[in-house]
Structure formats: structure tokens, C-alpha cells
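Enquirer:
Numbering (the numbering used here), first residue to last: 18 to 189.
Following this line, the structure appears as C-alpha cells:
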């Protein structure tokens with residue numbers, strides 16, 4: 018028996034969403050994306066040079082098309098966000114409502130659009146890897162699902178954040 022997050026999208030559901038128009042289709046894809054990310058959990062990966070292998074859960078069935086073209090953008094602190102191209106404008110609009118013009122400008126300037134290679138990897142620019150604190154010889158990262166994006170941390174930074182959250186939890 019398949020877990021809910023492993024169940025493929027049926028063709029019939031896909032056809033119904035297409036018939037309802039673009040707006041409904043986007044909402045439908047967003048719900049599928051959120052569903053796929055919820056099933057991902059924190060995933061540890063080892064970089065191959067500056068390439069990261071995409072978790073197989075994101076490439077199953079209808080999800081592959083969402084993750085083929087993505088934007089990699091620096092985020093506050095030592096982390097990156099990987100946002101599907103299909104959700105990039107919605108992402109920028111959500112930031113516009115919450116952040117200063119300076120933050121938006123820096124995000125746009127530092128963002129890079131990338132595509133999956135034939136080995137199902139994304140190549141992340143070295144400058145972006147430096148942003149998350151990865152220097153030479155450090156190759157371990159953690160992918161963490163967000164609202165409709167994936168956050169990328171160095172493994173050391175992810176462990177630090179977990180330890181900090183546990184300290185706060187114990188203090189209360």
C-alpha cells in the first residue's frame with residue numbers, strides 16, 4: 018500500500034485541472050507541490066563538485082516538470098532557497114509584501130535560474146555555496162522543505178539551528 022505522499026497524480030485529476038483554466042491549474046499544481054514537499058522532510062545530500070542530486074521524491078510522476086527549471090536565491094542568514102520556475106513570480110510577490118526594497122533588490126541580483134542536468138542534478142554557483150558557509154572541502158548540505166520552495170543549509174548550519182531550537186524549547 019502506498020503512502021499518501023507516494024501516490025501518483027491520476028490522469029483524470031490532471032485532465033480536470035486543465036479544463037478549469039490556468040488559475041485553477043496553478044492552484045492545483047501548488048497543492049501538489051506542497052504535498053510533495055511535505056513528504057520530503059529534511060534530506061541530507063553530498064555535493065558532487067557544485068552539483069546536488071535532486072531527491073527522487075521530487076521527480077516522481079507529475080512532479081518532475083515542476084523541478085526541471087528552478088531559481089536558486091540567497092536568503093537571510095546562511096541559507097539558499099530553491100524555487101520552482103512555475104512559482105517564481107508568486108514567490109517574488111510574497112516577498113514584496115513582507116520585505117524592504119533593499120532585500121528584494123539583493124535577492125533579485127543574487128538569484129540564478131538553473132535546470133536539471135541529465136543526471137537529475139542542479140548545479141549551484143560557488144558564490145551561492147559560499148553564502149551558506151561551504152568552503153573548500155565541505156560538501157554536505159541539508160535540503161529542507163518550505164512553503165513552495167526548498168531551503169538549502171550547510172550541514173553544520175542545519176545542526177546549529179536544530180540545537181538552538183532545542184535549547185529554546187527546553188527553556189520554556
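Ideal Cβ placement from N, Cα and C applies to all residues, glycine included.
Between which two residues does the beta strand (DSSP E) containing residue 115 stretch?
Expert: For the purposes of this step, residue 115 is identified with residue 98 of the chain shown, where counting begins at 1. From DSSP, residue 115 is part of no beta strand (DSSP E) but of the alpha helix (DSSP H) over 105-115.
Enquirer: Residue 145 and residue 127: beta carbons closer than 9 angstroms?
Expert: If you number the chain shown from 1, residue 145 lands on position 128. If you number the chain shown from 1, residue 127 lands on position 110. A contact, by the Cβ cut-off of 9 angstroms.
Enquirer: Among 81, 123, 100 and 73, which residue has its Cα nearest to the Cα of residue 163?
Expert: Position 146 of the chain shown, counted from the start, is the residue given in the question as residue 163. Here the closest residue by C-alpha is 100.
Enquirer: For residue 87, which residues in the same chain have their Cβ closer than 7 angstroms to its Cβ, ignoring the five residues on either side in sequence?
Expert: For the purposes of this step, residue 87 is taken as the residue at position 70 of the chain shown. Cβ neighbours of residue 87 beyond the five flanking positions: 99, 100, 101, 102, 131 and 139.
Enquirer: Alpha carbon to alpha carbon, what distance is there between residue 84 and residue 75?
Expert: Numbered from 1 along the chain shown, position 58 holds the residue referred to as residue 75. Numbered from 1 along the chain shown, position 67 holds the residue referred to as residue 84. Roughly 7 angstroms separates the two Cα atoms.
Enquirer: Where in the region 62-94 do unbroken runs of the beta strand (DSSP E), each at least 3 residues long, occur, reported from the N-terminal end onward?
Expert: The qualifying runs are 68-70 and 86-92.
Enquirer: Which residue comes first and which comes last in the beta strand (DSSP E) that contains residue 97?
Expert: For this step, residue 97 is matched to residue 80 along the chain shown. Residues 96-101.
Enquirer: Could you give the DSSP three-state label for residue 123: helix, strand or coil?
Expert: Along the chain shown, one-based indexing puts residue 123 at 106. Residue state, collapsed to three classes: helix.
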